[in-house]
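Asks: One structure follows; several queries about it will come next.
Numbering (the numbering used here), first residue to last: 8 to 382.
Shown next, in the form of structure tokens:
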């Protein structure tokens, strides 16, 4: 085992305008959203210089990092640090622990809703499931709102105009910064690929599946698991799921030797519409004047494209013609995760509880007429 190293990273926090159809500024790390992948080995020291080029304050939270002995590096404004003023910088220094798939995001002024987020991969010196895949691919899903979160979205969401606390419907879904049917994943000559899926959305949860392929789950929220198979899974806000696929297991109906062969298949993120207490087809956003040309309405099905021959061609079949058609999950939505067992504790049985703690959580209107959560 090699000695721990020090990993340096500089992140410039600034606005970008990545979509010609939209005048909404996106808050980025190093002028992209998602920001760059931060990689290290477990036990390394991360030294991350954050330079704030915004005209407002900012911080970054390192979601999934233990921060043992370094709570002041956690990035939570008002709890562990003061925000980084406009035009200033701050250096975060902390241990890369635990191993697995994590992520970073803005923790001030709803900035992560507007694009300030990115992946973190903390590797083990010996990955327990490393023999199962040949390469990796990160998929970071988020909900897209046409209006800036601070000036429009949150002012309606947390206001007397919304006493029921209705969660605003997104205008679109984005994965790796791209809208539906614009993200292509080339196979690049390999048959076994590990996907690290991160839900960086603000309010949405999704059902994930890939047409014609079983998903071999190997990590849940930075816990390596013994591999087990599902056809789909549901991922909620901030959760991370790793799985691998083996293209040799592709349903013959999709294979290039099949009668309905295709050179590409769909990767699906299906928004869980149970979360939205509105009629999606007839929904008019109360906070949005819909001045942007694209997207003009919310489609709860996001499609990325897995290119089997790496030509980035679109599938020859229509999404509605998938066989078998992926079914929408119904709540409770975490049932496919209940079969997970830690990699080294596959026979472990959770002992019976010795104490119980009852927590009462409710939502109610506060003295200012704003819907809040109480515990």
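The beta carbon of each residue, even a glycine, is placed where N, CA and C say it ideally should be.
Remember, predicted model here, so these are calculated numbers, not experimental data.
Use the C-beta contact count for residue 218: other C-beta atoms within 10 angstroms, 16 or more gives buried, fewer gives exposed.
Replies: Buried is the call here.
Asks: Measuring only the C-alpha atoms, how far is residue 124 from residue 239?
Replies: Whole-angstrom Cα-Cα distance: 25 angstroms.
Asks: Helix, strand or coil: which one does DSSP assign to residue 160?
Replies: Reduced to three states, the DSSP call for residue 160 is helix.
Asks: Between which two residues does the beta strand (DSSP E) carrying residue 110 extend?
Replies: Counting along the chain, the beta strand (DSSP E) containing residue 110 begins and ends at 107-113.
Asks: From the DSSP secondary-structure annotation, give me the bridge partner or partners of residue 147.
Replies: Answer by DSSP bridge pairing, in chain order: 205.
Asks: Which term fits residue 81, buried or exposed, when burial requires 16 or more other beta carbons within 10 angstroms of its beta carbon?
Replies: Result: buried.
Asks: Kindly give me the distance between the Cβ atoms of residue 273 and residue 326, rounded to whole angstroms, as I take these residues to be in contact under 8 angstroms.
Replies: 6 angstroms between Cβ atoms; contact.
Asks: Fully enclosed by the stretch 242-286, which beta strand (DSSP E) runs are 3 residues long or longer?
Replies: As far as the stretch 242-286 is concerned, its whole beta strand (DSSP E) runs of at least 3 residues are 247-253 and 271-278.
Asks: Please classify residue 47: does DSSP put it in a helix, a strand, or coil?
Replies: Of the three classes helix, strand and coil, the one that applies to residue 47 here is strand, per DSSP.
Asks: Run through DSSP, which three-state label would residue 199 get?
Replies: Strand.
Asks: Taking only the alpha-carbon atoms, compute the straight-line gap between residue 129 and residue 42 and give it to the nearest angstrom.
Replies: So the alpha carbons of these two residues sit roughly 16 angstroms apart.
Asks: Spatial neighbours of residue 253 within its chain, please: C-beta separation below 7 angstroms, excluding the five flanking residues on both sides.
Replies: Cβ neighbours of residue 253 beyond the five flanking positions: 198 and 199.
Asks: Assign residue 370 to buried or exposed, taking buried as 16 or more other Cβ atoms, counted over all protein chains shown, within 10 Å of its Cβ.
Replies: So residue 370 ends up on the exposed side.
Asks: Identify whether residue 121 lies in helix, strand or coil by the three-state DSSP scheme.
Replies: Coil at residue 121, not helix or strand.
Asks: Determine whether the beta carbon atoms of residue 241 and residue 354 lie at a separation below 8 angstroms.
Replies: In this structure, residue 354 does not lie closer than 8 angstroms to residue 241 by Cβ.
Asks: Can you grab the Cα-Cα spacing for the pair residue 35 / residue 183, in whole Å?
Replies: Approximately 13 angstroms, taken between the alpha carbons.
Asks: Counting C-beta neighbours from all protein chains within 10 Å, is the total for residue 158 16 or more, i.e. buried, or is it exposed?
Replies: It counts as exposed.
Asks: Would you mind working out which of 46, 66 and 277 sits nearest residue 14, comparing C-alpha positions?
Replies: For the residues 46, 66 and 277, the minimum Cα distance to residue 14 belongs to 46.
Asks: Could you name the residues that DSSP lists as bridge partners for residue 94?
Replies: Residue 94 is not bridged to any residue.
Asks: By alpha-carbon positions, which one of 79, 20, 26 and 83 ends up nearest to residue 385?
Replies: No answer is possible for residue 385: the residues shown for the chain start at 8 and end at 382.
Asks: Buried or exposed: residue 100, going by 16 or more other Cβ atoms within 10 Å of its Cβ?
Replies: Exposed is the call here.
Asks: Quick one: grab the DSSP three-state call for residue 103.
Replies: Coil at residue 103, not helix or strand.
Asks: Counting Cβ pairs, one atom from each stretch, are 3 or more of them under 8 angstroms apart for the stretch 75-94 and the stretch 159-177?
Replies: Contact between the stretch 75-94 and the stretch 159-177 is absent, because fewer than three Cβ pairs lie under 8 angstroms.
Asks: Assuming residue 59 and residue 95 make a contact with CB atoms under 8 angstroms, what is their CB distance in whole Å?
Replies: 6 angstroms between Cβ atoms; contact.
Asks: Measuring CB atoms only, is the stretch 216-235 touching the stretch 134-148, in the sense that at least three cross pairs come out at less than 8 angstroms?
Replies: Because the criterion of three Cβ pairs below 8 angstroms is met, the stretch 216-235 and the stretch 134-148 touch.
Asks: With distances taken Cα to Cα, identify the nearest neighbour of residue 62 among 104, 116, 246 and 364.
Replies: Out of 104, 116, 246 and 364, 116 has the C-alpha closest to the C-alpha of residue 62.
Asks: Which residue or residues does DSSP assign as beta-bridge partners of residue 36?
Replies: Beta-bridge pairing links residue 36 to 20 and 39.
Asks: Can you check whether the CB of residue 248 is closer than 8 angstroms to the CB of residue 207?
Replies: Contact flag unset, no.
Asks: Classify residue 55 as buried or exposed, calling it buried when 16 or more other Cβ atoms lie within 10 Å of its own Cβ.
Replies: Buried, by the Cβ-count rule.
Asks: Between which residues of its own chain and residue 106 is the CB-CB distance below 6 angstroms, once the five residues before and five after are set aside?
Replies: Same-chain partners within the cutoff: 49, 129 and 131.
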